[in-house]
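What follows is a short report on a single structure.
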Ligand code: G6P
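In full-length UniProt numbering, the protein residues as written are 239 to 603.
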C-alpha cells in the first residue's frame with residue numbers, strides 16, 4: 239500500500255503532486271503553438287461542428303465544475319451558447335434543433351449513473367454526444383458519438399484532483415479547436431490561449447513547491463467555523479470546487495459562490511470565525527472582487543487570497559502567489575485550494591482517501 243502511494247501519506251496527496259505530469263500527458267501532441275492549431279483526433283466532422291448552435295455540458299460533482307470552467311471558455315472562444323447542467327437535473331428541451339445541439343458529458347470514470355442517464359436522454363432527443371473521460375472502454379464511451387480522453391492516469395482518492403485539472407485542460411483545447419474550425423478565433427488569438435494552456439504544468443509545479451507554506455496556513459486557519467470560497471468568472475467554478483474538496487475530506491462547512499453574491503445573503507453568516515478564500519488572479523475580474531473582500535474583512539473574517547504574481551495584494555490577510563499565465567490562472571489556483579483542504583483534513587485526522595458516505599464512482603441514480 240505504502241509503495242503504491244509512492245511515499246506519500248495518501249493517494250490524494252500523490253495525485254495532487256502528479257498534476258504536472260498528468261497535464262503534460264493531457265496536452266502531449268495535441269497542439270501547435272506557432273500555428274495556433276489543435277488536433278484532437280475527433281470523429282465529429284468539422285462540417286457538423288460548424289453547424290452546432292448550442293453546447294450543453296452535463297456532469298456531476300467535480301466534473302460539473304470542470305464543465306463550468308470550460309463553458310466560460312467555450313463561450314468566449316467560440317461564441318457558441320453553452321449551458322452546464324447537473325446531470326441528475328438534465329432534461330433535453332425539445333424547443334431547439336436537437337441535431338445542432340452538441341451534448342458534452344464530462345465524467346472521469348465514465349460510469350456515473352446520472353451522467354449516463356442524461357446522455358441517453360440527449361441521444362433519444364436526437365442530439366449528438368461527446369464524452370470527455372479518463373477511462374478507455376468505460377460505459378459512456380460505448381454510448382456517445384465520440385470520446386475525448388483526458389489522459390490523467392488512474393485516480394484512486396475519492397476526492398477528484400488531477401482529473402479536474404486534466405478535464406479543464408482537455409476542454410480548453412476543445413474550445414480552441416472549435417474556435418478555429420468555426421473561424422471565431424484567429425491563429426494569433428488561439429496562440430495566446432494555447433500559451434496559457436502550455437504553461438499549466440510548470441505553473442502547477444510552482445504551487446506544489448509552496449507546499450510547506452500552504453500547510454502552515456491550513457493548520458493556522460483550519461479551525462474556522464466556516465469557509466467561504468469566492469471568485470468571479472473562471473474564479474467561480476474554482477471556488478465551487480475548492481469548497482467541495484474541503485467539505486468532502488475535512489467535513490467542515492464550506493461553500494463556494496460568485497463573489498458578487500456575498501451581499502445577497504451569505505454575508506449574514508460572516509463572523510470573525512469565518513475564513514474566506516478568494517480567487518483574485520487574471521481571468522477572475524479581481525478588481526471587482528476587492529470590494530467583496532473588504533466587506534468580509536469589515537466583519538472580522540480572515541481573507542486568504544490567490545493573486546497573480548506581481549500584483550499588489552497588501553489588502554489580503556494571507557497571500558498565495560499564482561504564476562502569470564493568463565486565462566488559466568484560476569485553474570492553477572485550484573491546486574492551492576486542494577492542498578489547503580488536504581492539510582486541514584489531515585490536521586483533523588480525517589479518512590482522506592475514503593471520506594465517510596462518499597464513493598469514487600456513483601453507479602446508482
Ligand atoms: C462521485 C465522486 C466525485 C466525482 C463525481 C462524478 O461523486 O465522489 O469526486 O466528481 O462522482 O464522477 P465522474 O466519474 O462522473 O466524473
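All residues carry an ideal CB built from backbone N, CA and C; glycine is no exception.
For residue 245, no beta strand (DSSP E) encloses it, and the DSSP letter there is neither H nor E. Set against 8 Å, the gap from the CB of residue 598 to the closest heavy atom of the ligand G6P is smaller. Here the distance from the Cβ of residue 346 to the nearest heavy atom of the ligand G6P is below 8 Å. Residue 312 is bridged by DSSP to nothing; it lacks a bridge partner. Its Cα nearest to that of residue 600, the residue 298 stands out among 298, 417 and 268.
Counting along the chain, residue 417 sits inside the alpha helix (DSSP H) bounded by residues 400-420. In this structure residue 538 is not in contact with residue 561, their Cβ atoms being roughly 32 Å apart against a cut-off of 8 Å. For residue 435, the uninterrupted alpha helix (DSSP H) run begins and ends at 425-436, by DSSP. Rounded to the nearest angstrom, the gap between the Cα atoms of residue 366 and residue 290 is 10 Å. Relative to the ligand G6P, the nearest heavy atom lies less than 8 Å away from the CB of residue 396.
Of all alpha-carbon atoms in 261, 593 and 241, the one lying nearest the alpha-carbon of residue 407 is that of 261. Shortest gap from the CB of residue 299 to any heavy atom of the ligand G6P: under 8 Å.
Listed in chain order, the beta strand (DSSP E) elements of length 3 or more contained wholly in the UniProt domain "SIS" (455-593) are 464-469, 492-496, 512-518, 540-546 and 556-560. Ranked by Cα distance from residue 246, the options 597, 596 and 580 are led by 580.
Not one heavy atom of the ligand G6P sits closer than 8 Å to the Cβ of residue 323. Of the residues assessed, residue 311 falls on the buried side of the cut-off, its CB having 16 or more other CB atoms within 10 angstroms. For residue 294, the enclosing beta strand (DSSP E) has its first and last residue at 292-297. By the Cβ test, the segment 492-504 is in contact with the segment 461-477, since at least three Cβ pairs between them sit closer than 8 Å.
Here the distance from the Cβ of residue 353 to the nearest heavy atom of the ligand G6P is below 8 Å. Taking 8 Å as the cut-off, the C-beta of residue 401 counts as close to a heavy atom of the ligand G6P. Unbroken beta strand (DSSP E) runs of no fewer than 3 residues, entirely contained in the segment 339-405, are found at 339-345, 366-371 and 384-387, following chain order. A heavy atom of the ligand G6P is found nearer than 8 Å to the CB of residue 486. Contact between the segment 431-439 and the segment 480-494 is absent: fewer than three C-beta pairs spanning the two stretches fall below 8 Å. According to the DSSP assignment, residue 320 belongs to the beta strand (DSSP E) that extends over 319-324.
For the 9 Å CB-CB criterion, residue 376 and residue 355 do not form a contact. According to the DSSP secondary-structure assignment, residue 276 is paired through a beta bridge with 269. By the 16-neighbour rule on beta-carbons within 10 angstroms, residue 279 is exposed.
Taking the Cα of residue 427 as reference, the smallest distance to any Cα among 314, 329 and 457 is reached at 314.
Cα atoms of residue 515 and residue 450: separation of roughly 18 Å, rounded to the nearest angstrom. A distance criterion of 8 Å places the beta-carbon of residue 540 beyond contact range of the ligand G6P, judged by its closest non-hydrogen atom.
Taking a cut-off of 8 Å on C-beta distances, the segment 519-529 touches the segment 561-571, as three or more cross pairs fall below it. At least one heavy atom of the ligand G6P is found less than 8 Å from the C-beta of residue 350. The C-beta of residue 266 has fewer than 16 other C-beta atoms within 10 Å across all chains shown, which makes the residue exposed.
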